[in-house]
Amino acid sequence: MAAGHDSGAEAWQAGAYCPRSALEFARSPLRAHRRQRHRENFVNETTDTTATEPAGTSKGKSRITQLIGKFALGGALLVLLIGIGSLILARYGLIDKITGFRGFMYMMWPMIALFVVAVVGIVMGLLRKRGAGWRSPVALVLSVVTLGVIYTQVIAPARAHPPLHDISTDLEEPPEFRQLTLREDNLVPFNNMEEWRSAHREGYPDIQPVVIDRSPEAVLANARTLAEERGWEIVNVDPAQGVLEATATAGFIRFFDDVVVEVTPVADGSTRVDMRSVSRVGVSDLGYNAERVSSFLADLRNM
1 MAAGHDSGAE AWQAGAYCPR SALEFARSPL RAHRRQRHRE NFVNETTDTT ATEPAGTSKG
61 KSRITQLIGK FALGGALLVL LIGIGSLILA RYGLIDKITG FRGFMYMMWP MIALFVVAVV
121 GIVMGLLRKR GAGWRSPVAL VLSVVTLGVI YTQVIAPARA HPPLHDISTD LEEPPEFRQL
181 TLREDNLVPF NNMEEWRSAH REGYPDIQPV VIDRSPEAVL ANARTLAEER GWEIVNVDPA
241 QGVLEATATA GFIRFFDDVV VEVTPVADGS TRVDMRSVSR VGVSDLGYNA ERVSSFLADL
301 RNM
């Protein structure tokens, strides 16, 4: 035993053994150095990732701008689906014409709201310097284009034309339909014929009958040919009464408008031509009937 203790003491003195605290003390500088290196590597990696990450990537955007972009784009696509779907269904007669038109017009207010939401998303992304992503800009473009179409195709024409849907070259005795029937509320929005005449004279002073240097029979035959070329549905042609009735269409929805043409002989052998074009639904025709009458009579005169 003494020999064992002596050899242990010798080993202790030689440094073969160390207390636990002494070992920890010896290792602590190495561990501290390793931890410092880990910290430096982590900071460098993080700095490099942040510096090289594009502002428009999903990692670079804040969660709120992502949600705004998704809401704006999703809402714009949904509104477009409903509006365009309404137009297509109405065009092919799957829903009522006026219902499809209203579905198209109802896009306006939701699109204005989504326009504001998209702008907010873009501004927030710019202020946070992380980008707004692609959804908000796309929603902004969709809303602007949709509102532009509504304005140019409906609002601007409605402002430029009087609220008329019954256009005639003769205001005192408008040409009468024989086979086709006028709608019951044809005077809307006017209370009587005199109000309609006054608005008609003010809005379309150039809508007048034309005189053509040909016989009534020849003019009526030319009128039928011209109507067929334009794709109108011929309902009635009566040479004895000098009358042609047809149905035309207007706009993408293909609203139905009824047309009557009357030919009357003039003393010198010429023919006076009167024409009337009436929309079956709606208040304002956005100028379609007046354009139809003017262009038809101009082409008929040149035949």
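Going by full-length UniProt numbering, the first residue of the sequence shown is number 1, and it counts up by one from there. Virtual Cβ for every residue (Gly too), placed ideally from N, Cα, C. In this text, all values refer to a predicted model and were calculated from it rather than measured experimentally.
Under 8 Å by Cβ, that's how I've got residue i and residue j pegged, so tell me the actual separation to the nearest angstrom.
i: Ser284; j: His200; result: So it is not a contact: roughly 13 Å between Cβ atoms.
i: Val210; j: Leu297; result: 5 Å
i: Ala246; j: Ala227; result: 5 Å
i: Pro162; j: Glu217; result: Rounded, the Cβ-Cβ distance is 36 Å, inconsistent with contact.
Determine the DSSP secondary structure at residue i, reduced to helix, strand or coil.
i: Ser295; result: helix
i: Arg159; result: helix
i: Gly60; result: In this predicted model, Gly60 has a pLDDT of only 48, less than 50, meaning its place in the structure is not dependable; the value taken from the coordinates is given anyway. Of the three classes helix, strand and coil, the one that applies to Gly60 here is coil, per DSSP.
i: Ala223; result: helix
i: Thr247; result: strand
i: Arg201; result: helix
i: Met105; result: helix
i: Thr146; result: helix
i: Phe177; result: coil
i: Trp134; result: coil
i: Val188; result: coil
i: Gly287; result: coil
i: Ile84; result: helix
i: Leu78; result: helix
i: Leu182; result: coil
i: Met303; result: coil
i: Glu194; result: helix
i: Glu172; result: coil
i: Ile112; result: helix
i: Gly282; result: coil
i: Gly100; result: helix
i: Asp48; result: A caution first: Asp48 carries a pLDDT of 44, below 50, which makes its placement in the model too unreliable to give a value.
i: Gly125; result: helix
i: Ile68; result: helix
i: Glu10; result: With a pLDDT of only 45 at Glu10, under 50, the local geometry of the prediction cannot be trusted, and the value read off the model is given with reservation. Reduced to three states, the DSSP call for Glu10 is helix.
Using 7 Å as the threshold, is the C-beta distance between residue i and residue j below it?
i: Pro175; j: Asp299; result: no
i: Ser143; j: Phe115; result: yes
i: Val281; j: Ile98; result: yes
i: Asp257; j: Ser270; result: no
i: Met108; j: Ile150; result: yes
i: Ala118; j: Ala90; result: no
i: Gly74; j: Ser86; result: no
i: Gln179; j: Asn236; result: yes
i: Glu262; j: Gly287; result: no
i: Ile167; j: Asn302; result: no
i: Ser62; j: Arg128; result: yes
Please name the residue in the options whose C-alpha comes closest to that of residue i.
i: Phe104; options: Phe190, Leu80, Ser294; result: Leu80
i: Tyr92; options: Gly251, Val188, Lys70; result: Gly251
i: Ile112; options: Ile95, Leu94, Val145, Val123; result: Val145
i: Ala223; options: Phe255, Arg272, Tyr204, Ile155; result: Arg272
i: Leu77; options: Leu67, Leu94, Pro110, Gly133; result: Pro110
i: Ile207; options: Glu217, Thr169, Phe71; result: Thr169
i: Gly133; options: Ile64, Glu291, Val263; result: Ile64
i: Thr249; options: Trp232, Ala240, Val243; result: Trp232
i: Met124; options: Ile68, Ile167, Pro163; result: Ile68
i: Val141; options: Ala72, Glu245, Leu171, Gln66; result: Ala72
i: Ile82; options: Tyr106, Gln66, Leu94; result: Tyr106
i: Ser294; options: Pro205, Leu244, Thr225; result: Pro205
i: Thr181; options: Arg292, Ser279, Asn191; result: Ser279
i: Leu171; options: Ala221, Trp196, Phe255, Asp268; result: Trp196
i: Ile212; options: Asp96, Arg102, Ile122, Asp268; result: Asp268
i: Phe255; options: Gln66, Asp96, Lys70; result: Asp96
i: Ile84; options: Val266, Thr264, Ile253, Ser215; result: Ile253
i: Glu291; options: Gln66, Ile122, Pro157, Gly148; result: Pro157
What residues are listed by DSSP as bridge partners for residue i?
i: Ile95; result: BP columns for Ile95 are empty, so no partner.
i: Asn236; result: Glu245
i: Phe255; result: Ala250
i: Glu262; result: Val243, Asp274
i: Glu212; result: Note that residue 212 corresponds to Ile in the displayed sequence, not to Glu. Paired residue(s): Thr271.
i: Ile167; result: Ser277
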